[in-house]
Amino acid sequence: MSARLVRRPLALAVTGALLLTGLALPAGAADAVPDPEVVGPVPSTSAPGDPAHGYPFLATDYDLAGHGYVEEEFFLEGEATRYQADGATDATVLSTGHDYRTRIVVRRPADPAAFNGTVIAEWYNVSNQWDQEVDWFQTHEHLVREGYAWVGVSAQRAGVHSATGLRTWSPERYGTLDLTDGGTVTDDTLSWDVFSQAVQAVREPTGTAPLGPLDAERVVATGHSQSAGRLWSYVNSVDPLADVVDAVVLHGGGGAIRDDIATPVFKINSETDVGIDLLGAAQRQPDTDLLRTWEVAGASHGDWKLITDYGRLRIRDIGTAPGGYPGTPQTCDQPSGSRVPQHMVQSALYDHVAAWVADGTAPPSASPIELTEDPRTVVRDELGLGLGGIRLAQQDVPFRINSGANAGPGFCFLDGSSAPVDDATLAEWYPDAQEYADDVVASTSAAVEAGYLAADVAADPAWYTDVIELVGDRIDAGTVEAAVGEQIQDRMQRALEAADAGDWEAADGFVEEAQALGDTQVDDADAAASIVRSTTAVRGIIELSGTTDGLAISRAAQSRCLAGKAYVAVRATNDDSVPVDITLTTPFGEKTVADVAPGASAYQSFASRSTSVTTGSAQVSASGDGRSFAADVAYDVLDCG
Numbered sequence: 107m108s109a110r111l112v113r114r115p116l117a118l119a120v121t122g123a124l125l126l127t128g129l130a131l132p133a134g135a136a137d138a139v140p141d142p143e144v145v146g147p148v149p150s151t152s153a154p155g156d157p158a159h160g161y162p163f164l165a166t167d168y169d170l171a172g173h174g175y176v177e178e179e180f181f182l183e184g185e186a187t188r189y190q191a192d193g194a195t196d197a198t199v200l201s202t203g204h205d206y207r208t209r210i211v212v213r214r215p216a217d218p219a220a221f222n223g224t225v226i227a228e229w230y231n232v233s234n235q236w237d238q239e240v241d242w243f244q245t246h247e248h249l250v251r252e253g254y255a256w257v258g259v260s261a262q263r264a265g266v267h268s269a270t271g272l273r274t275w276s277p278e279r280y281g282t283l284d285l286t287d288g289g290t291v292t293d294d295t296l297s298w299d300v301f302s303q304a305v306q307a308v309r310e311p312t313g314t315a316p317l318g319p320l321d322a323e324r325v326v327a328t329g330h331s332q333s334a335g336r337l338w339s340y341v342n343s344v345d346p347l348a349d350v351v352d353a354v355v356l357h358g359g360g361g362a363i364r365d366d367i368a369t370p371v372f373k374i375n376s377e378t379d380v381g382i383d384l385l386g387a388a389q390r391q392p393d394t395d396l397l398r399t400w401e402v403a404g405a406s407h408g409d410w411k412l413i414t415d416y417g418r419l420r421i422r423d424i425g426t427a428p429g430g431y432p433g434t435p436q437t438c439d440q441p442s443g444s445r446v447p448q449h450m451v452q453s454a455l456y457d458h459v460a461a462w463v464a465d466g467t468a469p470p471s472a473s474p475i476e477l478t479e480d481p482r483t484v485v486r487d488e489l490g491l492g493l494g495g496i497r498l499a500q501q502d503v504p505f506r507i508n509s510g511a512n513a514g515p516g517f518c519f520l521d522g523s524s525a526p527v528d529d530a531t532l533a534e535w536y537p538d539a540q541e542y543a544d545d546v547v548a549s550t551s552a553a554v555e556a557g558y559l560a561a562d563v564a565a566d567p568a569w570y571t572d573v574i575e576l577v578g579d580r581i582d583a584g585t586v587e588a589a590v591g592e593q594i595q596d597r598m599q600r601a602l603e604a605a606d607a608g609d610w611e612a613a614d615g616f617v618e619e620a621q622a623l624g625d626t627q628v629d630d631a632d633a634a635a636s637i638v639r640s641t642t643a644v645r646g647i648i649e650l651s652g653t654t655d656g657l658a659i660s661r662a663a664q665s666r667c668l669a670g671k672a673y674v675a676v677r678a679t680n681d682d683s684v685p686v687d688i689t690l691t692t693p694f695g696e697k698t699v700a701d702v703a704p705g706a707s708a709y710q711s712f713a714s715r716s717t718s719v720t721t722g723s724a725q726v727s728a729s730g731d732g733r734s735f736a737a738d739v740a741y742d743v744l745d746c747g
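Going from the sequence shown to this note's numbering is simple: count from 1 and add 106.
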């Protein structure tokens, strides 16, 4: 059986009191959630992107295998109850015995030893008339690093039966799914029990176990926007009867929470959500032992990370891009998609919820975003930046003006905005790169210490993609040559990959190379300063989160032509205070230099024995004084023919 947070004893106590007083139980309160039949895992018959659609819809493109994870899909079938759930009182039973068949997608550690015991069960958002896993897109890097299991649940008819739903998308794979009991149920009143049964199958399987060898210690329900609205009704009306989830996260919506329920609820809302009172997001309540609300200044309901991460798979599986996706026409009044990384806050939130359920450790409280009333508006400073709330470095030390507000067709009102600031203005605001970096690190460190960011903050992709985007904007503006800019972007992409793998030395090395390229190869002084400023900040963030007890070694690699042949030259300089042994390694050879004095270098030009080299990396390692160092250093493609 799974560990729970005083929920079952409380439920038993309430039941006993009702029986003793002769009062009737709410409909369904005495019934356990049924165990559905689990079928699977359902094999894939084609690779993701294949027009045959023989794979799970929106199958992730994240390297799960490289992180020791697996993705599997299962079908669930059984009989479900229709509930009327108003979000104010316990749900009432409308009818029972309705046949259904749906699917869940599971992403989990392959090794039980890597599992942290917490399952994040996401109610798929169907606002676009297909399943969308917003919370996975926003936080998957952190979930995987920390050993969570994630389960996506298809609970609503639109995701299965709409013209763009699963049955139409792949009739061969999904044609037997049914959330209408053969067409007799024409609303989503089955969704509550379907979700409960999916959670039941995960936490207490009776046949095929969706988590394989893993044992779920706690299950946290989560949902964004439309799904947050469904979960708001669920936690207020259905969960008091079902009692299968340990906590609920309402992301981007969710109104008032009953004060007599025993389930911890954590609400996280963006500046957009509270600014327009989306799905009751501005219906604030004080924090209690079982309720927390966080609001993130400058963040938007549909932000840049969601648009870009989700957009790739939407293009692959649906054939269209979301509004604001890079390379598509921009239709909103302002550039869409706030770059304030609310997903970093959401990642920390899941860690807090897991501890809250596991041992009762309450999460920290946070100040709300400042609002005026009548009409409701976000209070802003002279730059247009929202005040109050959880404040990240992107809002406190801005290089773009991020806001939860925007206007225009479609979902522009939800996507917020991120207006770039020109390099000359940035140079006026931040004349000293190191001071800027120190302010970014100080703001981030304060958020980590307050519990609003997780300790793995430097591994988040936003730090690196922000620089990649910044350089891309300068390439488009003509202030950075494309060849140089692409080299900088390449280094930042490699830094991102190294950080995701926890290789802080390599990540810092690649950012250092990007920094040097910006400083020495970009002719426009203000553009160069922007690149140096941003990369200096990223290096500070890496130092904040990464290891700093290794040797100090700077390094560089260059591909060059000599007598028609291609060579790769590698140099490593001892910036430490003790002599070290340095080894330089390339695909073309290796050299070790012993007792390299402080300030001295090890150097070697390696012959490729060819007229060209492809883009690659050399390895620099060093040892001395009981310490060590290892990092990659990139070199570029070169053709000497």
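Using N, Cα and C, we set each Cβ at its ideal position, and we do this for glycine too.
Roughly how many angstroms lie between the CA atoms of Lys671 and Phe712, to the nearest whole one?
Along the sequence shown, one-based indexing puts residue 671 at 565. Along the sequence shown, one-based indexing puts residue 712 at 606. Their backbone Cα atoms lie some 11 Å apart in a straight line.
Closest residue to Glu479 among Phe372, Ala388, Asp682, Arg506 (Cα-Cα distance)
Indexing the sequence shown from 1 puts residue 479 at position 373. The option with the nearest alpha carbon to Glu479 is Ala388.
For Thr698, count the other beta carbons within 10 Å of its own beta carbon; 16 or more makes it buried, fewer makes it exposed. Which is it?
Within the sequence shown, numbered from 1, the residue matching residue 698 stands at position 592. Result: exposed.
Over what stretch of residues does the alpha helix (DSSP H) that includes Leu347 continue unbroken?
Locating residue 347 in the sequence shown gives position 241, where the first residue counts as 1. Here the alpha helix (DSSP H) through Leu347 covers 345-348.
At least 3 beta-carbon pairs within less than 8 Å: the stretch 448-457 vs the stretch 371-385
yes
Straight-line Cα distance separating Phe517 from Gly429:
As a first step, residue 429 is located in the sequence shown; it is residue number 323 there, counting from the start. As a first step, residue 517 is located in the sequence shown; it is residue number 411 there, counting from the start. So the alpha carbons of these two residues sit roughly 8 Å apart.
Candidates Thr394, Ile647, Glu252, Lys411, of which the one nearest Tyr542 by Cα:
Within the sequence shown, the letter at position 436 stands for residue 542. Of the candidates Thr394, Ile647, Glu252, Lys411, the one whose C-alpha sits nearest the C-alpha of Tyr542 is Ile647.
Under the three-state DSSP convention, the category Ile752 falls into
This structure gives no information on residue 752, because the portion of the chain shown stretches from 107 to 747.
Would you tell me roughly how many angstroms separate the C-alpha atoms of Val484 and Glu401, rounded to the nearest one?
In the sequence shown, the residue the question calls residue 484 occupies position 378. In the sequence shown, the residue the question calls residue 401 occupies position 295. The straight-line gap from Cα to Cα measures roughly 12 Å.
Just to confirm my understanding: we take Arg263, look at its own chain, exclude 5 residues before and 5 after, and list those with CB closer than 7 Å. What are they?
As a position in the sequence shown, residue 263 is number 157, starting the count at 1. Excluding residues within five positions, the ones whose Cβ falls inside 7 Å are Leu285, Thr286, Asp294.
Is the beta carbon of His357 closer than 8 Å to that of Ala334?
Here residue 334 refers to the residue found at position 228 when the sequence shown is read from its first residue. Here residue 357 refers to the residue found at position 251 when the sequence shown is read from its first residue. Taking 8 Å as the Cβ cut-off, Ala334 and His357 qualify as a contacting pair.
Go ahead and pull the three-state DSSP assignment for Phe181.
Taking the sequence shown and counting its residues from 1, one reaches residue 181 at position 75. Residue state, collapsed to three classes: strand.
Bridge-paired residues (DSSP) for Arg677:
Along the sequence shown, one-based indexing puts residue 677 at 571. Arg677 pairs with Ala662, Tyr709.
Assuming contact is defined by CB atoms lying nearer than 8 Å, are Asp739 and Glu603 in contact in what I supplied?
Numbered from 1 along the sequence shown, position 633 holds the residue referred to as residue 739. Numbered from 1 along the sequence shown, position 497 holds the residue referred to as residue 603. According to the sequence as given, residue 739 is Val; it is not Asp. No, they are not a contact pair.
Taking the alpha carbon of Ala219 as the point to measure from, which residue in Cys667, Glu252, Pro311, Asp196 has its own alpha carbon closest?
For the purposes of this step, residue 219 is taken as residue 113 along the sequence shown, with counting starting at 1. The candidate whose alpha carbon is nearest that of Ala219 is Glu252.
Could you tell me which residues DSSP puts in a beta bridge with Phe221?
The residue you call residue 221 lines up with position 115 of the sequence shown. Answer is none; Phe221 lacks a bridge partner.
Integer Cβ distance of Ala675 from Arg666, believed to fall under 8 Å:
As a working note, residue 675 is residue 569 in the sequence shown. As a working note, residue 666 is residue 560 in the sequence shown. Indeed they touch by this definition, with Cβ atoms about 6 Å apart.
To the nearest whole angstrom, what separates the beta carbons of Ser444 and Gln436, a pair I think is in contact under 8 Å?
What you label residue 444 is simply residue 338 of the sequence shown in a count that begins at 1. What you label residue 436 is simply residue 330 of the sequence shown in a count that begins at 1. No, Ser444 and Gln436 are not in contact; Cβ-Cβ is about 14 Å, not under 8 Å.
Starting from Ile475, follow the beta strand (DSSP E) in both directions and report where the run begins and ends.
The residue labelled residue 475 in the question sits at position 369 within the sequence shown. Note, Ile475: premise wrong, no beta strand (DSSP E); not H, not E.
Looking only at its own chain, which residues have a Cβ that is under 6 Å from the Cβ of Gly258, when we skip the five neighbours before and after it?
In the sequence shown, residue 258 corresponds to position 152, counting from 1. Cβ within range, chain order: Val211, Glu228, Tyr230, Glu239.
Rounding to the nearest angstrom, what Cα-Cα distance links Arg733 and Thr414 in this structure?
To locate residue 733, count along the sequence shown from 1; it is residue 627. To locate residue 414, count along the sequence shown from 1; it is residue 308. In a straight line, the C-alpha of Arg733 is about 40 Å away from that of Thr414.
Would you decide whether Leu559 is buried or exposed? Buried here means 16 or more other CB atoms lie within 10 Å of its CB.
The count along the sequence shown starts at 1 and reaches residue 559 at position 453. With 16 or more Cβ atoms within 10 Å of its Cβ, Leu559 is classed as buried.
If you run the structure through DSSP and keep just helix, strand and coil, what is Tyr254?
Working through the sequence shown from its first residue, we reach residue 254 at position 148. Correct three-state label for Tyr254: coil.
Can you check DSSP and say which residues form a bridge with Thr467?
By one-based count along the sequence shown, residue 467 stands at place 361. Thr467 pairs with nothing; no bridge assigned.
What are the partner residues of Ile648, as DSSP defines its beta bridges?
For this step, residue 648 is matched to residue 542 along the sequence shown. Looking at the DSSP assignment, Ile648 forms no beta bridge with any residue, so it has no partner.
DSSP has Asp701 in a bridge; who is on the other side?
Reading the sequence shown from its first residue, position 595 is the one you call residue 701. According to DSSP, Asp701 bridges with nothing at all.
Under a Cβ-count criterion, where at least 16 other Cβ atoms within 10 Å of its own Cβ denotes burial, should Thr282 be classed as buried or exposed?
In the sequence shown, counting from the first residue as 1, residue 282 sits at position 176. When all chains shown are included, Thr282 counts as exposed.
Of all Cβ atoms in chain D, is any one closer than 8 Å to the Cβ of Asp682?
Among the protein chains of the structure shown there is no chain D, as only one such chain exists.
Taking the straight line between their C-alpha atoms, what separation do you get for Val325 and Ala464?
For the purposes of this step, residue 325 is taken as residue 219 along the sequence shown, with counting starting at 1. For the purposes of this step, residue 464 is taken as residue 358 along the sequence shown, with counting starting at 1. In a straight line, the C-alpha of Val325 is about 11 Å away from that of Ala464.
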